[in-house]
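Engineer: Protein chains in written order, with the working numbering: chain W, 1 to 195; chain A, 1001 to 1195. Ideal Cβ positions, reconstructed from N, Cα and C, are used throughout, including at glycine.
#1: Look at residue 92 of chain W and residue 184 of chain W and say whether their C-beta atoms are less than 9 Å apart.
#2: Rounded to whole angstroms, what is the Cα-Cα separation between residue 106 of chain W and residue 169 of chain W?
#3: Tell me which residues share the same chain as residue 1098 of chain A and place their Cβ nearer than 6 Å to its Cβ, disregarding the 5 neighbours each side in the sequence.
#4: Is the CB of residue 1066 of chain A under 9 Å away from at least one CB in chain W?
#5: Find the residues of chain A that neighbour residue 74 of chain W, judging by a C-beta separation of less than 8 Å, and give them in chain order.
#6: Flag this pair as touching only if the segment 114 to 127 of chain W and the segment 1164 to 1183 of chain A have three or more C-beta atom pairs under 8 Å; answer yes or no.
#7: Do residue 13 of chain W and the ligand ATP come close, with the Cβ less than 8 Å from some heavy atom?
#8: Can you tell which of A:1163, A:1189, A:1174, A:1158 has the C-alpha that lies nearest to the C-alpha of residue 176 of chain W?
#9: Once the 5 residues before and after residue 1068 of chain A are set aside, which same chain residues still bring their CB inside 8 Å of it?
#10: How many Å lie between residue 72 of chain W and residue 79 of chain W at the Cα?
#11: Which bits of chain W does residue 1173 of chain A rub up against, with CB to CB less than 9 Å?
#12: Among the residues of its own chain, which have a CB less than 7 Å from the CB of residue 100 of chain W, if the five just before and after it don't count?
#13: What residues from the segment 91 to 107 of chain W come within 7 Å of chain A, judged by C-beta to C-beta, listed N to C?
#14: Under 8 Å between beta-carbons, which chain A residues line up against residue 116 of chain W? List them in chain order, please.
#15: Considering only the alpha carbon of each residue, which of A:1048, A:1056, A:1194, A:1155 lies closest to residue 1135 of chain A?
#16: Buried or exposed: where does residue 1148 of chain A fall if 16 or more other Cβ atoms within 10 Å of its Cβ makes it buried?
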């Protein structure tokens, strides 16, 4: 993605992506034009096309990657070290708080829908997000159980599915009940007997 | 919805909805016009507006309700009687088979997206679907456990979230792994000790 850019170029590109992300969160992805991004970031058209040769779709893909990173960021510091039950509890709270705050909004979902949910770009971004997320959960499951690799992977996937399900139901109904039920159910087996 | 229609009228309306559903499954909701529905069902414009006064959005809402009913139908006969662990196992297989066959397609999701995911119509249809689904799962949980009403409801919601999560991840990635992991994890506590 950042091939051939200098450190300064990467910083500029990153600044444009962050600003475009804010803009899209505010006014919606369908309503955000290349000109809006240009004005908001005080960049010229040729600068924009230097960093995003395909124009709007390139920017949307970059913003989607940025939003995918935010999804993981919102779960830190817990997601990075799920080696204790306390951390798993903190993680559950962070997930619930994050999605309760977002409510029916889903920045990443809007972006991938605009890119085309079945597009290779959207699919690659979503798959990479799930893979990183799953890997962090697997490490956590392995840290607090004696499960083997297959079992840990299955457990991590079921926890990730619980989050996704609770979130998609929150977005469909505006209700947090499902996420609130799904998180403890999916992680209950990780709780130490003494806790 | 069917207020004021005779039995014959209801049957005609239902025939139009079923045909429109097929058409939309084949060619996509965005590409399906009122004229397409008229031609496919051999009805006149005035007939269509008799049954669907608001035109296209009324038809889409009716088809979305129809597709929501199909979601539950695909889980029968198990969903209607989850009073044994065998039935819970049959249900899991039915859910997995149904969504594996649909793959990345999601008829109901496309319809609610076209109606506007945040529209009162879409929200009412999705909420009603979740409520019926949850009620059936609650009855099943109560039948095979000694859990109280609150616990059963939470368990049912977590199972429903597991399905939704596995499905949304299947749609995002084309992979059934998540649903395959989520279903047994969410229902594992219902398995009798002897099974």
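Structural biologist: Looking at the atomic coordinates:
#1: Sequence index remark: in the first chain, residue 92 of chain W carries index 92 (1-based). Sequence index remark: in the first chain, residue 184 of chain W carries index 184 (1-based). Yes.
#2: In the first chain, the residue the question calls residue 106 of chain W occupies position 106. In the first chain, the residue the question calls residue 169 of chain W occupies position 169. Taking the straight line from one Cα to the other gives about 12 Å.
#3: Walking along the second chain from the start, residue 1098 of chain A turns up at place 98. The beta carbon of residue 1098 of chain A lies closer than 6 Å to those of 1074 in the same chain, with the five residues before and after it left out.
#4: Counting from one through the second chain, the residue named residue 1066 of chain A turns up at place 66. Answer no: the Cβ-Cβ gap between residue 1066 of chain A and chain W never drops below 9 Å.
#5: Taking the first residue of the first chain as 1, we reach residue 74 of chain W at position 74. Among the residues of chain A, none has a CB under 8 Å from the CB of residue 74 of chain W; the nearest is roughly 17 Å distant.
#6: Yes, the segment 114 to 127 of chain W is in contact with the segment 1164 to 1183 of chain A.
#7: In terms of ligand content, the structure shown is empty, and the ligand ATP therefore cannot be addressed.
#8: Here residue 176 of chain W refers to the residue found at position 176 of the first chain. The closest CA to that of residue 176 of chain W, considering only A:1163, A:1189, A:1174, A:1158, is found on A:1158.
#9: In the second chain, residue 1068 of chain A corresponds to position 68, counting from 1. Cβ-Cβ distances below 8 Å link residue 1068 of chain A to 1108, 1125, 1126, 1128, 1129 in the same chain, with the five nearest sequence neighbours on each side left out; the list follows chain order.
#10: The residue labelled residue 72 of chain W in the question sits at position 72 within the first chain. The residue labelled residue 79 of chain W in the question sits at position 79 within the first chain. Distance from the CA atom of residue 72 of chain W to the CA atom of residue 79 of chain W, rounded to whole angstroms, is 8 Å.
#11: Within the second chain, residue 1173 of chain A is the residue found at index 173, counting from 1. What residue 1173 of chain A touches in chain W: 123, 126, 127, 130.
#12: Residue mapping note: residue 100 of chain W aligns to position 100 of the first chain, counting from 1. Within the same chain, residue 100 of chain W has close Cβ partners 176.
#13: Contact annotation: in the segment 91 to 107 of chain W, residues whose CB is within less than 7 Å of a CB in chain A are 104.
#14: Along the first chain, one-based indexing puts residue 116 of chain W at 116. Annotation: residue 116 of chain W has no Cβ neighbours in chain A at a cutoff of 8 Å; minimum Cβ distance is about 12 Å.
#15: The sequence position of residue 1135 of chain A within the second chain is 135, counting from 1. It is A:1155 whose Cα lies nearest to the Cα of residue 1135 of chain A.
#16: Along the second chain, one-based indexing puts residue 1148 of chain A at 148. By the Cβ-count criterion, residue 1148 of chain A is exposed, with fewer than 16 other Cβ atoms from all chains shown falling within 10 Å of its own Cβ.
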